[in-house]
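My numbering puts the sequence shown at residues 6 to 142. Cβ coordinates follow ideal geometry from the N, Cα and C atoms, glycine included. Computed from a predicted model, the values in this text were never measured in an experiment. The structure under discussion appears below in the form of structure tokens.
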Amino acid sequence: MHKRFLILALCLFAAGCGPIYDTVYSYAPPRSAEGRMCTNQCQQISQMCEQNCSLKDDNCRAQAHQDAERQYHDYVHERKKKNKKIDKSVSDFEYTGHCPSSSNCESKCNGNYRTCYSNCGGTVTSQRVCTMFCDGH
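Dropping the structure here:
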């Protein structure tokens, strides 16, 4: 019975997986030297933006770890005071769900880069490309 349920679940899962698409961007540089210099600045700004995303994520995770260590210390102190077993670790108190998604942030950086590139006279074209479950579509 259990095996049949598993096979049925796998079939339903596979049937529900339609094609997955991603957007791919192509860049044509501006014709003028000034425009190309401008797009170089866009690239530098984009790199700084992505570094900032990573830094924010790292800082948030470090703060979450410090908070967890403080909570764990309080937990250990209370358990010892009550002569109870310590059955948790620091990781049980660590929560990073409130940290902003760095991929979300980087996506904004990439969008800003495309806008900047276009404003400098370059051309950005997008194309939707099937990346998974593409057979027959």
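Asked	Found
Using a Cβ-Cβ cutoff of less than 7 Å, which residues in the same chain neighbour Cys125 once the five nearest sequence positions on both sides are dropped?	Pro35, Gly40, Cys43, Thr44 and Cys47
If we count the other Cβ atoms within 10 Å of its Cβ and call it buried at 16 or more, is Ser108 buried or exposed?	exposed
Given a threshold of 16 other Cβ atoms within 10 Å of its Cβ, counted over all protein chains shown, does Ser51 qualify as buried or as exposed?	buried
What did DSSP end up calling Tyr100 once you bin it into helix, strand or coil?	coil
Measuring only the C-alpha atoms, how far is Glu55 from Cys139?	31 Å
Assuming Lys61 and Cys110 form a contact by the criterion Cβ under 8 Å, report the distance between their Cβ atoms to the nearest whole angstrom.	7 Å
With H, G and I counted as helix, E and B as strand and the rest as coil, what does DSSP make of Arg36?	coil
Among Tyr26, Ser96, Cys135 and Thr128, which has the Cα closest to the Cα of Ala73?	Ser96
Comparing alpha-carbon positions, which option in Ile91, Asp92 and His70 lies nearest Gly102?	His70
Using a Cβ-Cβ cutoff of less than 7 Å, which residues in the same chain neighbour Thr136 once the five nearest sequence positions on both sides are dropped?	Ile25, Tyr26 and Asp27
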